[in-house]
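Going line by line, the protein sequences match chains S and X.
Following this note's numbering, the residues of the first sequence are numbered contiguously, the last one being 328.
Following this note's numbering, the residues of the second sequence are numbered contiguously, the last one being 656.
Glycine included, every Cβ here is placed at the ideal spot set by N, Cα and C.
A quick note: this is a predicted structure, and the numbers were derived from the prediction, not measured.
In what follows, a structure is listed as structure tokens, so that the remarks can point back to it.
Number of protein chains: 2
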Amino acid sequence: MAQLRREPIARRWVVVSTDDVKGPSDYLSFKPPYQPQTSDGPCPFCPGNEGMTPKETFSLNGAGKRWSVRVIPNKFPFFRIEGEFDRRPEGMYDVMEAIGAHEIVIEAPEHHQNLAMMEPSQIEKILFAYRERLIDLEKDRRFEQFLILKNYPGVFNRHPHSHILAMPIIPRGIDEEIWGTLDYYQRKERCIFCDIIKEEISVKKRVILETVHFLVFSPFASRYPFETWIIPKTHSSDFHRINKEEMEDLSLAMQSLFLRFHKLLSDPPYSFTLHTSPVQNRFHRSEYHWHIETRLRIGLREGFEWGTGFFVNPTPPENAAVYLREVG
Amino acid sequence: MAQLRREPIARRWVVVSTDDVKGPSDYLSFKPPYQPQTSDGPCPFCPGNEGMTPKETFSLNGAGKRWSVRVIPNKFPFFRIEGEFDRRPEGMYDVMEAIGAHEIVIEAPEHHQNLAMMEPSQIEKILFAYRERLIDLEKDRRFEQFLILKNYPGVFNRHPHSHILAMPIIPRGIDEEIWGTLDYYQRKERCIFCDIIKEEISVKKRVILETVHFLVFSPFASRYPFETWIIPKTHSSDFHRINKEEMEDLSLAMQSLFLRFHKLLSDPPYSFTLHTSPVQNRFHRSEYHWHIETRLRIGLREGFEWGTGFFVNPTPPENAAVYLREVG
Numbered sequence: 001m002a003q004l005r006r007e008p009i010a011r012r013w014v015v016v017s018t019d020d021v022k023g024p025s026d027y028l029s030f031k032p033p034y035q036p037q038t039s040d041g042p043c044p045f046c047p048g049n050e051g052m053t054p055k056e057t058f059s060l061n062g063a064g065k066r067w068s069v070r071v072i073p074n075k076f077p078f079f080r081i082e083g084e085f086d087r088r089p090e091g092m093y094d095v096m097e098a099i100g101a102h103e104i105v106i107e108a109p110e111h112h113q114n115l116a117m118m119e120p121s122q123i124e125k126i127l128f129a130y131r132e133r134l135i136d137l138e139k140d141r142r143f144e145q146f147l148i149l150k151n152y153p154g155v156f157n158r159h160p161h162s163h164i165l166a167m168p169i170i171p172r173g174i175d176e177e178i179w180g181t182l183d184y185y186q187r188k189e190r191c192i193f194c195d196i197i198k199e200e201i202s203v204k205k206r207v208i209l210e211t212v213h214f215l216v217f218s219p220f221a222s223r224y225p226f227e228t229w230i231i232p233k234t235h236s237s238d239f240h241r242i243n244k245e246e247m248e249d250l251s252l253a254m255q256s257l258f259l260r261f262h263k264l265l266s267d268p269p270y271s272f273t274l275h276t277s278p279v280q281n282r283f284h285r286s287e288y289h290w291h292i293e294t295r296l297r298i299g300l301r302e303g304f305e306w307g308t309g310f311f312v313n314p315t316p317p318e319n320a321a322v323y324l325r326e327v328g
Numbered sequence: 329m330a331q332l333r334r335e336p337i338a339r340r341w342v343v344v345s346t347d348d349v350k351g352p353s354d355y356l357s358f359k360p361p362y363q364p365q366t367s368d369g370p371c372p373f374c375p376g377n378e379g380m381t382p383k384e385t386f387s388l389n390g391a392g393k394r395w396s397v398r399v400i401p402n403k404f405p406f407f408r409i410e411g412e413f414d415r416r417p418e419g420m421y422d423v424m425e426a427i428g429a430h431e432i433v434i435e436a437p438e439h440h441q442n443l444a445m446m447e448p449s450q451i452e453k454i455l456f457a458y459r460e461r462l463i464d465l466e467k468d469r470r471f472e473q474f475l476i477l478k479n480y481p482g483v484f485n486r487h488p489h490s491h492i493l494a495m496p497i498i499p500r501g502i503d504e505e506i507w508g509t510l511d512y513y514q515r516k517e518r519c520i521f522c523d524i525i526k527e528e529i530s531v532k533k534r535v536i537l538e539t540v541h542f543l544v545f546s547p548f549a550s551r552y553p554f555e556t557w558i559i560p561k562t563h564s565s566d567f568h569r570i571n572k573e574e575m576e577d578l579s580l581a582m583q584s585l586f587l588r589f590h591k592l593l594s595d596p597p598y599s600f601t602l603h604t605s606p607v608q609n610r611f612h613r614s615e616y617h618w619h620i621e622t623r624l625r626i627g628l629r630e631g632f633e634w635g636t637g638f639f640v641n642p643t644p645p646e647n648a649a650v651y652l653r654e655v656g
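What follows is the structure, given as structure tokens:
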């Protein structure tokens with residue numbers, strides 16, 4: 001089990017492992033610059049090795065008898081589904097058990113597949129799996145916030161996969177965004193994301209591509225070189241209300257974007273997160289707007305960003321958008 | 329010149345380069361995993377090459393005619409000292425010029441020196457340089473916040489150096505901390521850092537070492553494995569009010585801590601930031617408490633942290649403190 005500990009000054013929750021604890025030797029086994037080594041053993045995410053993973057929570061059939069997308073509980077979760085919150089003080093501090101869900105979406109049977117090279121129809125299946133899992137997890141009233149997250153390449157396993165997290169708190173990064181959208185709505189009675197979409201479509205210079213339902217653009221105050229957002233052009237607060245036609249369209253937008261990254265920066269490492277409205281209807285549907293934020297992990301200067309929450313981006317979004325448009 | 333652009337949703341300022349702009353080929357020249365390559369040419373920070381850098385803003389004499397610590401304006405600054413803020417709208421967004429100061433403290437004449445191996449008397453000279461520069465920069469009424477920052481090893485140059493930043497805004501990470509301390513003070517009429525110091529000294533299990541004037545400990549909600557804070561035991565809001573005796577004592581604490589990291593994790597990469605009170609007396613001296621936060625750059629899972637501002641730490645601070653105490 002892990003604990004959620006509240007940092008008392010900035011009032012931010014941190015997950016601290018209390019059973020699966022790592023000591024100095026665990027870090028020494030990573031080679032500088034401290035990248036984890038992927039195991040040489042059989043891949044637990046490959047077909048035929050299903051016995052190596054927990055039982056799936058969802059799967060989609062593929063060709064023959066094989067699955068095409070498979071969702072499993074994470075064997076090493078940040079949050080566990082069983083147990084009680086047990087909110088309590090510890091001295092002057094605050095602590096609770098890290099209750100939640102942490103599932104892995106195995107995105108394809110093929111170990112060496114990736115989103116840039118995938119058929120859009122396969123990406124659509126991944127989106128369908130995301131949606132179905134969120135619809136199911138929404139029933140659990142303990143969860144406040146969902147987050148979908150992907151690191152490419154995977155940190156501990158190169159087999160293409162993403163993470164679904166259901167959290168008992170709204171993490172700081174999402175919370176700031178929510179308060180910003182509420183404040184804007186109070187002042188204007190409009191969704192700030194909808195206004196940004198209008199602005200970007202009218203100004204054009206930061207737009208990378210537009211599909212029927214989605215806008216792909218470099219945000220004005222991009223924190224990272226080639227930071228890119230994918231957002232539905234029509235207001236929608238919850239990702240898991242997406243319909244079949246929109247999923248098909250989104251899969252085209254995603255595949256096109258990841259292929260552009262691949263061509264432009266020679267298969268760079270990246271992360272994306274899918275931000276969606278808090279779960280328990282605490283916020284009005286008119287104020288939040290779900291979207292995907294993508295970061296290429298080619299940045300530097302991490303000390304500064306870490307020390308201040310303040311970002312320095314040497315590639316203006318207008319330039320990034322030109323490169324990404326033209327490479328398409 | 330760089331711009332400060334305001335991210336309109338979470339309302340966070342981002343520095344975006346607008347002249348010294350990087351395109352895809354700049355990132356391709358970094359080898360995966362996208363570490364910058366240090367130049368093979370002569371080191372501009374080494375004695376004899378002073379002509380390669382801007383004119384110093386401060387230096388301390390060492391043995392013979394040599395300097396022992398030298399401070400210079402950064403040739404590639406995040407913030408520039410010349411110019412006007414020019415706060416203005418750009419469409420629906422907000423932008424201003426990135427006015428400020430960005431100086432480099434060359435910590436020793438020797439190219440292969442580092443804080444773990446340095447004489448405490450040399451660290452004391454570095455601290456003296458920090459103090460003198462902040463006292464000077466404080467006179468410029470445009471600056472709202474100072475930050476001292478070090479990355480080890482340096483990102484673009486391995487010669488030991490740190491950064492002094494004078495910023496026209498209070499960056500988000502510091503702002504959150506300040507609002508937290510103000511809120512606590514309002515409720516309790518006590519400094520939260522002072523209370524944490526009392527708690528940690530009484531509980532003991534997260535203390536790494538204590539000197540006459542400083543406490544070195546693993547914070548309760550450590551975000552990173554072996555995260556460590558160094559804090560003056562007596563209340564003090566501004567680092568640059570430190571006296572000679574305290575600097576001497578702090579240099580001992582720092583050298584001991586960095587040597588412990590070196591021994592325990594085989595010379596790991598790290599960053600530290602020195603947080604000090606906002607400059608322009610906007611906050612009462614009784615509420616903020618300066619301190620140093622140190623992070624070993626051995627962490628993983630960056631996608632999650634990035635996506636959420638939410639940290640997962642597999643090494644509880646109680647365990648980290650035991651390791652760091654015992655290796656001393």
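Phenylalanine 600(X) is a Cβ neighbour of isoleucine 620(X), given a cutoff of 8 angstroms. Judged by DSSP secondary structure, phenylalanine 261(S) falls within the alpha helix (DSSP H) whose first and last residues are 244–265.
In its chain, beyond the 5 residues on either side, Val655 have a beta carbon closer than 7 angstroms to the beta carbon of lysine 591(X).
Nearest to leucine 209(S) by alpha-carbon distance, out of Ser59(S), Thr181(S), Lys244(S) and Arg325(S), is Arg325(S). The Cβ-Cβ distance between proline 42(S) and proline 109(S) does not fall below 8 angstroms. Under DSSP, serine 17(S) shares a beta bridge with Ala2(S). Close partners of arginine 534(X) in chain S (Cβ separation under 7 angstroms) are lacking, with about 10 angstroms as the shortest Cβ gap. The C-alpha of glutamate 56(S) lies about 15 angstroms from the C-alpha of leucine 165(S). Between leucine 462(X) and alanine 429(X), the C-beta spacing is not below 8 angstroms. One thing to note: isoleucine 9(S) has its Cβ no nearer than 8 angstroms to the Cβ of glutamate 527(X). Residues of chain X whose Cβ lies closer than 8 angstroms to the Cβ of proline 8(S) are, in chain order, Gly508, Tyr512, Ile520, Ile524, Phe548 and Ala549.
Here tryptophan 67(S) carries a strand assignment [DSSP, helix/strand/coil]. Annotated three-state conformation of serine 286(S) is coil, per DSSP. For serine 17(S), a Cβ of chain X is located within less than 8 angstroms of the residue's own Cβ. Secondary structure note for asparagine 319(S): its alpha helix (DSSP H) is the uninterrupted segment 317–326. Per DSSP, alanine 457(X) is one residue of the alpha helix (DSSP H) stretching across 448–465. Rounded to the nearest angstrom, the Cβ distance from arginine 206(S) to proline 24(S) is 45 angstroms, too far for a contact under 8 angstroms.
Assignment of methionine 117(S) by DSSP, reduced to helix, strand and coil, places it in the coil class.
Within the same chain, Cβ atoms closer than 8 angstroms to the Cβ of histidine 603(X) are found at Leu475, Ile502, Glu505, Trp618, His619, Ile620 and Glu621, the five residues on either side in sequence being excluded. Out of Asp94(S), Arg142(S), Asp140(S) and Pro160(S), the CA that lies nearest to the CA of glutamine 122(S) is found in Pro160(S). The stretch 177–193 of chain S makes no contact with the stretch 210–221 of chain S, as fewer than three CB pairs between them are under 8 angstroms. Between the C-alpha atoms of leucine 4(S) and valine 14(S) there is a straight-line separation of about 5 angstroms. Residue contact with chain X for arginine 5(S): present (Cβ-Cβ distance below 8 angstroms to some residue of chain X). At a cut-off of 8 angstroms, the C-beta of methionine 92(S) has a neighbouring C-beta in chain X. Think of a sphere of 7 angstroms around the beta carbon of valine 640(X): the chain S residues whose beta carbon falls inside it are Val15 and Phe78, in chain order. Secondary structure note for isoleucine 524(X): its alpha helix (DSSP H) is the uninterrupted segment 520–531. In the DSSP secondary-structure assignment, serine 490(X) is bridged to Val433(X). Checking the DSSP bridge columns, you'll see leucine 274(S) partnered with Ile148(S) and Ile292(S).
For serine 59(S), DSSP records a beta bridge to Arg70(S). Taking a contact as a CB-CB distance under 8 angstroms, the pair leucine 580(X) and proline 448(X) counts as one, their CB atoms being some 5 angstroms apart. When Val203(S), Gly154(S) and Phe214(S) are compared, the shortest CA-CA separation from glutamine 255(S) is found for Phe214(S). Tryptophan 229(S) and alanine 2(S) have their C-alpha atoms roughly 32 angstroms apart.
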